[in-house]
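In what follows, a single structure is set out as structure tokens and then discussed.
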Amino acid sequence: MTKQMLEIRNLSAGVEGKEILKSLNLSVKPGEVHAIMGPNGSGKSTLAGVLAGRGEYSVTGGSVTFSGSDLLEMKPEERARAGVFLAFQYPVEIPGVNSTVFLKAALNECRKARNAEELDSFDFLKLVKEKAKLLELDPSLLNRSVNEGFSGGEKKRNEILQMAVLEPKLAILDETDSGLDIDALKIVAGGVNKLRRPDNSALVITHYQRLLDYIVPDFVHVLAKGRIIKSGGKELALELEARGYDWLLEAEKNGNGKP
Amino acid sequence: MISALEDTLKALASLEPEGTPVWVKSIREAARVRAHQTGFPNTRQEEWRFTNIAPILGLPLHAAAQNGRTVSARDIEPFKFACSGPFLVFVDGAFRADLSLLPRKTGIEVDSLQSCMKSDSAALHKHLARHADFDANFFTALNTACFQDGAFISVADNVTFDEPVQLLFLAVSGKPGAMSQTRNLILAGRNSALKVVESYASLTDAAYVTNAVTELVLGEGSRVEHCRLQNQNKNSYHVATVQAVQDKDSHWLSHSISTGAKLARHQIQTLLNAPGAVAVLNGLYLGRDEQLVDHHTVVDHAKPNCESHEYYNGVLTGRAHGVFNGKIFVRKDAQKTNAKQTNRNLVLTDTAVIDTKPQLEIFADDVKCTHGATVGQMNEEALFYLRSRGISAAGARQMLIRAFAGDVIGRVTVQAVRVKLEELLESRFDPAQI
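For the record, the sequence lines run as chains D and B. For the first sequence, the positions run 0 to 258 when numbering that gives the first Met the number 0 is used. For the second sequence, the positions run 0 to 433 when numbering that gives the first Met the number 0 is used.
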């Protein structure tokens, strides 16, 4: 059996005393793309936030192991350096912080953690240009302050460019498709596909099946009320698109839908 | 109290320079009388509500004098900017020709005020102590009554002087209560251009006091950049008045960067005295521990079609206290005025305090005036975003502080100064401190 990259066991977590994730289980092996779908309020973004180390969530039970380490014990920056990347649903605008300076500092922190040599400005810019070309993105995004004044599409593209530069082991895409027009969606999805490798994985969180036309997942999970109530192959997404979530919620109530 | 004031005035006036012209003596006397009438400010006065100067009065105030410790060129090196222009050094209020560089250049006169007073000129007579009003401000009156020395800079008509003139005021005396009364006069002729960097620093930890006044007179079409840096030791006190008077179409770019002293009070004022004048007031204050840093600005739109832009940013941590009071007057005559003011504050601890107050008094009816003040903490979402990419918590905080301050620093056009400020910012908010 291949070693798990991400192993979530009985994870319970919430915010301000309200439990959102309830004993959630999920395993991701290297090279796999898992899609997490589910109705609004099911806990999708909470899962992404807990994995990235967002401070406002408190974990009340269970464990998360990432490449053999206890992920929940790590600070957000330690998780990033270990290879976890969260593409934000709402990337933050940070006026006055130059994108290039920021991303170079981030990359070098990650490289230091991997015992790789730090890149100087010249090599860094070369790398950025390569990645931007691969993803058909405009590297001039990085000449500006982080996300400042970016359109929704530019922000999401910038997330993918950052991901390409940082080369994470596990990419978590939190509703990366929300608010994107179809061209932007294609570029973002195309970027994710080009970055797929046998040794890295992705957790694609989405509300819509549409994204999964472009990023074809190995597994699809349905998250509802804080738990995964059904798992299947990519065809599950199509079924959800056709039938909605109600039949699953109904089945779950009757105790038939457990994965 | 009165006798304390009398004693203080007497003690401070003892250094009246030799060769002071009679007309200066009479202004001094008028100012002395006025200081006496005004008395020390107290917190019951609106202008001093948040800034209690009692600790200054508790010191054994006396005129600063050099007391033996020699100062070499090596001592002043860290405070010198990488510029090749004139460089005037004042140690404990006294001009040090041996440490200064006064290259002779055509079109610009740079010298110590004392030496200018000896050769009394029409320009001096016209402008010295004629602009900074000492009627309402005790410290301006005190300075006018007792000033010792400072810089005189005058650029001739149509002369552009690119290299900044640097003035360094260094405290070396180790005595608490040593007070220097610094006086600068900067004159820019018609269509001239000039940059001046005025910095205040310490080679001592003593609780000394600086009371500085700088007057700037901007001729028609002139452009003056005035960069004021206050980085005195953390036990010292700093009180300053900067008064500009702007003629037609002149452009004043004023920077006040205040990071040092236990208590610093800055009065930055301009009179837009003819149409087409533009003033940009740019400020950054950093407070930590128990520091109090106070900026009172006054932009007086006296004539039509003038513009003013004011940007003051503050970063406060520890138990620091920031004060910003921004006055804009738009006189009856000053139609088509365009005045903007912003004051942004980053408050990093629960114990730091900021009092910010915009004050607009508008007597004309066709004007555009806006003001805004913000007080906020570090943006948690931005911090998380940076950390989620691998940057440490301290590194992320530092990035956000630098971005906040960088806004103001970016407006300084002298690169050597910007570099110094970036360094200062970095050392100031080292990860262990925030």
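All C-beta atoms in this analysis are idealised placements derived from N, C-alpha and C, irrespective of residue type, glycine included.
#1: Buried or exposed: which applies to residue 257 of chain D, given that a residue is buried once 16 or more other Cβ atoms fall within 10 Å of its Cβ?
#2: Once the 5 residues before and after residue 215 of chain D are set aside, which same chain residues still bring their CB inside 7 angstroms of it?
#3: Mapping the DSSP letters down to three states, classify residue 116 of chain B as helix, strand or coil.
#4: Taking residue 405 of chain B as the reference, which of B/421, B/85, B/26, B/412 has the closest Cα?
#5: Flag residue 159 of chain D as yes if its beta-carbon sits less than 8 angstroms from any beta-carbon of chain B, otherwise no.
#6: CB-CB under 8 angstroms to residue 33 of chain D, same chain, minus the five flanking residues each way: which ones, in chain order?
#7: Does the region 4-17 of chain B come within contact of the region 238-247 of chain D, defined as at least 3 CB pairs closer than 8 angstroms?
#8: Give the secondary structure of residue 88 of chain D by DSSP, where H, G and I count as helix, E and B as strand, and everything else as coil.
#9: What is the DSSP secondary structure of residue 3 of chain D, counted as helix, strand or coil?
#10: Do we get a CB-CB distance below 8 angstroms when we pair residue 364 of chain B with the residues of chain D?
#11: Once DSSP output is grouped into helix, strand and coil, what is the label at residue 38 of chain B?
#12: Can you tell me the Cα-Cα spacing of residue 135 of chain B and residue 97 of chain B, whole angstroms?
#13: What residue from D/100, D/168, D/193 has the CA that sits closest to residue 134 of chain D's CA?
#14: Taking CB distances under 8 angstroms as the criterion, tell me whether residue 214 of chain D reaches chain B.
#15: Just mark residue 30 of chain B as buried or exposed, buried being the case when its beta carbon has 16 or more other beta carbons within 10 Å.
#16: Answer yes or no: do residue 159 of chain D and residue 127 of chain D have a C-beta to C-beta separation smaller than 8 angstroms?
#17: Please give the ranges of any alpha helix (DSSP H) in the region 147-218 of chain D, keeping only runs that are unbroken, at least 4 residues long and fully inside the region.
#18: So, does the region 158-173 of chain B touch the region 35-50 of chain B, judging by three or more C-beta pairs under 8 angstroms?
#19: Taking Cβ positions, are residue 14 of chain D and residue 398 of chain B nearer each other than 8 angstroms?
#20: Are the C-beta atoms of residue 398 of chain B and some chain D residue less than 8 angstroms apart?
#21: Note the first and the last residue of the continuous alpha helix (DSSP H) segment covering residue 284 of chain B.
#22: Mind checking which residues open and close the beta strand (DSSP E) that includes residue 309 of chain B?
#23: Hey, would you say residue 294 of chain B sits closer than 8 angstroms to residue 282 of chain B, going by beta carbons?
#24: Would residue 61 of chain B pass as a contact of residue 177 of chain B if the rule is Cβ separation under 8 angstroms?
#25: Under the rule that 16 or more other beta-carbon atoms within 10 Å means buried, what is residue 236 of chain D, buried or exposed?
#26: Using a Cβ-Cβ cut-off of 8 angstroms (strictly less than) and excluding sequence neighbours within five positions of residue 0 of chain B, which residues of its own chain qualify?
#27: Under DSSP, the alpha helix (DSSP H) around residue 384 of chain B begins and ends at which residues?
#28: For residue 57 of chain B, verify whether its CB is less than 7 angstroms away from any heavy atom of the ligand PLP.
#29: Return the bridge partner residues of residue 271 of chain B from the DSSP annotation.
#30: Between residue 264 of chain B and the rest of its own chain, which residues show a CB-CB distance below 6 angstroms, the 5 nearest in sequence each way excluded?
#31: Write down the C-beta distance between residue 316 of chain B and residue 372 of chain B rounded to the nearest angstrom, noting that I regard them as a contact closer than 8 angstroms.
#32: Decide if the region 55-69 of chain D is in contact with the region 94-112 of chain D; the criterion is three or more beta carbon pairs, one per stretch, under 8 angstroms apart.
#33: Are any of the Cβ atoms in chain B nearer than 8 angstroms to that of residue 85 of chain D?
#34: Of all the residues that make up the region 357-382 of chain B, which are near chain D by a beta-carbon distance shorter than 8 angstroms?
#35: Could you check how far apart the C-beta atoms of residue 227 of chain B and residue 249 of chain B are, in whole angstroms? I think they sit under 8 angstroms.
#36: What number of angstroms, rounded off, separates the C-alpha of residue 218 of chain B from the C-alpha of residue 190 of chain B?
Working from what's here:
#1: The predicted position of residue 257 of chain D is uncertain, since its pLDDT is 48 and thus under 50; a value taken from the coordinates is nonetheless stated next. Residue 257 of chain D should be labelled exposed.
#2: Counting only residues of its own chain and dropping the five nearest sequence neighbours on each side, residue 215 of chain D has a CB closer than 7 angstroms to the CB of 233.
#3: Helix, per DSSP.
#4: B/421
#5: Closer than 8 angstroms: no.
#6: 25, 27, 200, 201, 202, 203, 216, 217, 218, 219, 220
#7: In short, these stretches do not touch, since the Cβ pair count stays below three.
#8: It is coil, neither helix nor strand.
#9: coil
#10: No, no contact with chain D.
#11: DSSP, read as helix, strand or coil, puts residue 38 of chain B in coil.
#12: 38 angstroms
#13: D/193
#14: no
#15: buried
#16: no
#17: 151-165, 181-193, 210-213
#18: In short, these stretches do not touch, since the Cβ pair count stays below three.
#19: Cβ atoms of residue 14 of chain D and residue 398 of chain B: not closer than 8 angstroms.
#20: For residue 398 of chain B, the nearest CB of chain D lies under 8 angstroms from its own CB, placing it at the interface with that chain.
#21: According to the DSSP assignment, residue 284 of chain B belongs to no alpha helix (DSSP H) but to the beta strand (DSSP E) extending over 277-286.
#22: 306-315
#23: yes
#24: yes
#25: Buried, because 16 or more other Cβ atoms sit within 10 Å of the Cβ of residue 236 of chain D.
#26: Low confidence applies here, because residue 0 of chain B scores a pLDDT of 48, under 50, leaving its location unreliable; read the following figure in that light. Here the set comprises 38, 39.
#27: 379-386
#28: Absence of the ligand PLP from the depicted structure is noted, as is the absence of any ligand whatsoever, leaving it without description.
#29: B/245, B/300
#30: 50, 238, 293
#31: Actually they do not touch by this definition, with Cβ atoms about 19 angstroms apart.
#32: no
#33: yes
#34: 378, 379, 380, 381
#35: The Cβ separation is near 18 angstroms, so there is no contact.
#36: 7 angstroms
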